[in-house]
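See structure below.
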Amino acid sequence: MTEATDLAAAAGSADPRVGLRAVVALRRLLEGLEHLQVANARRKGWSWQEIADALEVTRQGVHKKHARLMPAQDPRED
């Protein structure tokens, strides 16, 4: 089993302590994966709007969440 599979199983635990800790770990894993894929999309030339559409969020929301973590780019690119 993978770590994600183990965490998903633990999140369904009858023990709230186990379940909640698994939820926290899954949230951190997903945040890391989202940042990784947003950075990947930006390197491939995706606009903030394209990323927002793929994530089903607003352009402003995805920009606010991820722009500070991205390498500086020419502002004329968006």
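The numbering of the sequence shown is UniProt numbering, which starts it at 1 and goes up by one.
The beta-carbon is built from N, C-alpha and C at its ideal position, and this holds for glycine as well.
Asked	Found
Output the boundary residues of the alpha helix (DSSP H) element that contains Trp46.	Segment: none, Trp46 is in no alpha helix (DSSP H) and carries neither H nor E.
Count the other CB atoms within 10 Å of the CB of Arg68; is the residue buried (16 or more) or exposed (fewer)?	exposed
On the three-state DSSP scale, how would you describe Ala14?	coil
With 16 as the cutoff for other CB atoms within 10 Å, does Arg17 come out buried or exposed?	exposed
Do you know how far the Cα of Leu20 is from the Cα of Leu26?	10 angstroms
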